[in-house]
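Undergrad:
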Amino acid sequence: MAHWLYKSEPNVWSWDDQVAKADAGEPWNGVRNFLARKHLQAMKKGELGFFYHSNEGKEIVGIVEVSREYYPDPTDGTGRFGMVDLKAVKPLKRPVTLQEIKQEPRLKDMVLVNNSRLSVQPVTDAEWAVLLELGAVSDQG
DNA sequence: GCCAACGTTGGC
DNA sequence: GCCAACGTTGGC
Numbered sequence: 001m002a003h004w005l006y007k008s009e010p011n012v013w014s015w016d017d018q019v020a021k022a023d024a025g026e027p028w029n030g031v032r033n034f035l036a037r038k039h040l041q042a043m044k045k046g047e048l049g050f051f052y053h054s055n056e057g058k059e060i061v062g063i064v065e066v067s068r069e070y071y072p073d074p075t076d077g078t079g080r081f082g083m084v085d086l087k088a089v090k091p092l093k094r095p096v097t098l099q100e101i102k103q104e105p106r107l108k109d110m111v112l113v114n115n116s117r118l119s120v121q122p123v124t125d126a127e128w129a130v131l132l133e134l135g136a137v138s139d140q141g
């Protein structure tokens with residue numbers, strides 16, 4: 001099962017906003033980048049990802065799950081882009097900061113480190129495990 | 001607030 | 001199909 005990472009500016013859409021939606025979930029609209037779209041299209045319902053706060057916080061704060069697979073994004077007038085729905089699963093027991101990630105040798109190849117501008121990123125199984133460890137979360141597969 | 005990096009657009 | 005210009009992102 002693939003894993004993902006979603007970036008959001010907390011003053012626009014924060015982890016707390018996501019949690020408030022509970023099982024209803026929230027459309028992850030607004031992606032206008034072809035590589036990010038490719039990742040959205042590859043997602044399967046039930047796959048897990050990290051929720052990352054960019055600009056403010058600069059840390060991974062929670063885990064989300066794909067609750068609806070790729071479908072058209074009504075906010076895109078060109079009709080080229082789509083989105084998935086995400087629902088909050090659980091917060092990390094302790095947030096993992098970008099600084100920590102950069103200092104961890106096992107995470108040196110993370111997309112977050114090497115292509116920080118990509119808003120939807122794949123996370124490898126190995127990276128996923130390390131981040132769960134740093135976030136003090138043990139029971140996610 | 002600055003600026004480097006990068007993706008997209010559009011003219012040729 | 002190239003590439004310069006432009007806009008945006010996001011760390012600092």
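Numbering-wise, the UniProt record's numbering puts 67 at position 67 of the first sequence, and it's gapless, one number per residue. The beta-carbon is built from N, C-alpha and C at its ideal position, and this holds for glycine as well.
Am I right that V89 and E65 are in contact with their C-beta atoms under 8 Å? What's the rounded C-beta distance?
TA: Residue 89 sits at position 89 when you count from the first residue of the first sequence. Residue 65 sits at position 65 when you count from the first residue of the first sequence. Going by Cβ atoms, the distance from V89 to E65 rounds to 5 Å, so yes, they are a contact pair.
Undergrad: If you count every other CB in all the chains shown that lies within 10 Å of the CB of P74, and 16 or more means buried, which is it?
TA: Along the first sequence, one-based indexing puts residue 74 at 74. Its Cβ having fewer than 16 others within 10 Å, P74 is exposed.
Undergrad: Is the distance from the Cβ of D85 to the Cβ of P27 below 7 Å?
TA: Residue numbering aside, residue 85 sits at position 85 when the first sequence is read from its first letter. Residue numbering aside, residue 27 sits at position 27 when the first sequence is read from its first letter. Cβ atoms of D85 and P27: closer than 7 Å.
Undergrad: Excluding five sequence neighbours on each side, which residues of the same chain lie with their C-beta closer than 8 Å to the C-beta of A136?
TA: Along the first sequence, one-based indexing puts residue 136 at 136. Closer than 8 Å at Cβ, skipping near neighbours: L92, K93 and R94.
Undergrad: Hey, K87 and D23: beta-carbon distance below 7 Å or not?
TA: Here residue 87 is taken as the residue at index 87 of the first sequence, counted from 1. Here residue 23 is taken as the residue at index 23 of the first sequence, counted from 1. A contact, by the Cβ cut-off of 7 Å.
Undergrad: Only counting runs of 3 or more residues, tell me where the beta strand (DSSP E) segments fall wholly within the region 36–123, in order along the chain.
TA: You should have 48–53, 59–72, 82–97 and 120–123.
Undergrad: Determine the extent of the alpha helix (DSSP H) in which W15 is found, giving its start and end residues.
TA: For the purposes of this step, residue 15 is identified with residue 15 of the first sequence, where counting begins at 1. Note, W15: alpha helix (DSSP H), W15 to A20.
Undergrad: Using only the alpha-carbon positions, how far apart do R68 and K45 sit?
TA: Numbered from its first residue, the first sequence carries residue 68 at position 68. Numbered from its first residue, the first sequence carries residue 45 at position 45. Near 6 Å, if we compare the C-alpha coordinates of K45 and R68.
Undergrad: Could you give the distance in angstroms between the alpha-carbon of K21 and the alpha-carbon of K102?
TA: Taking the first sequence and counting its residues from 1, one reaches residue 21 at position 21. Taking the first sequence and counting its residues from 1, one reaches residue 102 at position 102. About 31 Å.
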